[in-house]
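Numbering (my numbering), first residue to last: 293 to 738.
Don't be surprised by glycine CBs; every beta carbon is placed ideally from N, CA and C.
All figures in this text were calculated on a predicted structure; none of them were measured in a lab.
Reading through the structure tokens given below for one structure.
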């Protein structure tokens, strides 16, 4: 064998099969029969317990979905905030559905049982998206405040225009309409299919176990000493090629790392598959984190990213600038929202270009932007740069309407909080606004 030739990993399944066949040739068949019979009995007990637990888990996931439905409807009917709290207790604290699915993964990875229940959970999560929106709409109608995760949901302009009574009615209808009930039916269908697959899978395992037991009972001429050697060899191979790799895998999973690819070919296959899933999960996590910190329209950091940066730069000295588009509502009303979006994108691009490498730019809401300018900053030069931007906005490229920005700025010292800096910069901004906009004002004490 050449030095660079890769040795094929051992298949523990084939290896154990060979040992079993050789053990069947031993003279002391009764010893083997008693040992293997006990193992098969334990397997039947385990599979029976697993079947009972999995049936329970399937029903638990279905019942948890129904409970979420009932709580969301209860709030839409009564406006009782406790129903919402109980709703989120199921989702965030108890995580009943996720734990039920996690239990199923212990026994049914790669089977149709797990596939159907994953599909049921997916439909349940889609229902949750509908339910949280309708609870947000109902909260608007009742005039109550719900947890932040619901209150940050943006209602459509059409829903906001409804009267409180109409908002409550629409929220309730949204929890009973055809779309909503179709998701409920899909969950029931997936659950029923999973139960049928579970029954078929268990029956197959039972038949296979019975068949294997008959084979064991016929293996009666095994030599005792050879049988002992085979048992020792089998135990060692299991420990070396299965148990040890699994323990290393468990440690790696606990440390949120990739699993070392070692052991039997089956374990190596599982390890490789897990590592591929791990990489994909990391990509998705990074993508979600990017989306959470960035504004979807302009691509710059949003309020969430702004808050994180405030924490990171709390003790830094910098220039803090608030920018607000003058008469932005009129642009949307007269020129349309597409033009308004174009103006927002133009402002974000200009600010990014102007302060690239020297500061950070955020869109923290509607038409409001914040710039943190780091390093040594000359106030006059900063005002000149901002004023020059307004000149470019007066004659924007393309089909955008002309517009202007009002700027309020302050020199934030190391001992000044961002809350104070924002308040004072905002005060300076409104002096510009009150003077007609299109200007820059640096806050001064007194």
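Expressed to the nearest angstrom, what Euclidean distance is found between the alpha-carbon atoms of residue i and residue j?
i	j	result
residue 641	residue 443	30 Å
residue 577	residue 611	33 Å
residue 439	residue 327	58 Å
residue 527	residue 521	10 Å
residue 606	residue 599	10 Å
residue 358	residue 484	15 Å
residue 362	residue 344	27 Å
residue 390	residue 591	33 Å
residue 454	residue 587	28 Å
residue 601	residue 355	42 Å
residue 714	residue 431	30 Å
residue 667	residue 678	17 Å
residue 452	residue 633	21 Å
residue 596	residue 673	29 Å
residue 533	residue 581	38 Å
residue 544	residue 371	47 Å
residue 712	residue 721	14 Å
residue 500	residue 567	32 Å
residue 575	residue 559	24 Å
residue 502	residue 309	17 Å
residue 301	residue 561	10 Å
residue 538	residue 398	14 Å
residue 469	residue 375	21 Å
Determine which residues share a DSSP beta bridge with residue i and list them.
i	result
residue 703	611
residue 593	586 and 654
residue 731	698
residue 741	Nothing can be reported for residue 741, as the shown portion of the chain is limited to 293 through 738.
Quick check on residue i: does DSSP put it in helix, strand or coil?
i	result
residue 737	coil
residue 697	strand
residue 616	strand
residue 708	coil
residue 665	strand
residue 459	helix
residue 515	coil
residue 644	helix
residue 722	helix
residue 546	helix
residue 344	helix
residue 468	coil
residue 449	helix
residue 439	coil
residue 634	helix
residue 294	Residue confidence is low: residue 294 scores 48 on pLDDT, short of 50, so the model does not pin down where it sits. No coordinate-derived value is stated.
Using only CA atoms, which one of the options lies nearest to residue i?
i	options	result
residue 637	585, 531 and 660	660
residue 614	434, 503, 592 and 697	697
residue 731	692, 711 and 680	680
residue 621	658, 603 and 597	658
residue 472	424, 567, 519 and 406	424
residue 589	572, 655 and 566	655
residue 663	684, 688, 701 and 673	701
residue 515	619, 324 and 719	324
residue 682	707, 646 and 671	646
residue 708	500, 603 and 318	603
residue 630	575, 571, 691 and 585	691
residue 570	558, 482, 725 and 549	549
residue 510	568, 379, 720 and 313	313
residue 517	573, 315 and 546	315
residue 331	531, 469, 504 and 305	504
residue 628	729, 422, 470 and 693	693
Residue i and residue j: beta carbons closer than 8 Å?
i	j	result
residue 609	residue 652	no
residue 303	residue 556	yes
residue 716	residue 735	yes
residue 433	residue 463	yes
residue 639	residue 623	no
residue 540	residue 529	no
residue 368	residue 426	yes
residue 753	residue 525	There is no way to answer for residue 753, as the model of the chain reaches only from 293 to 738.
residue 489	residue 404	yes
residue 428	residue 447	yes
residue 396	residue 346	yes
residue 353	residue 412	yes
residue 467	residue 364	yes
residue 322	residue 513	no
residue 486	residue 408	yes
residue 383	residue 420	yes
residue 685	residue 699	no
residue 482	residue 378	no
Any heavy atom of the ligand SAM closer than 7 Å to the Cβ of residue i?
i	result
residue 587	You won't find the ligand SAM in this model; it holds no ligand whatsoever.
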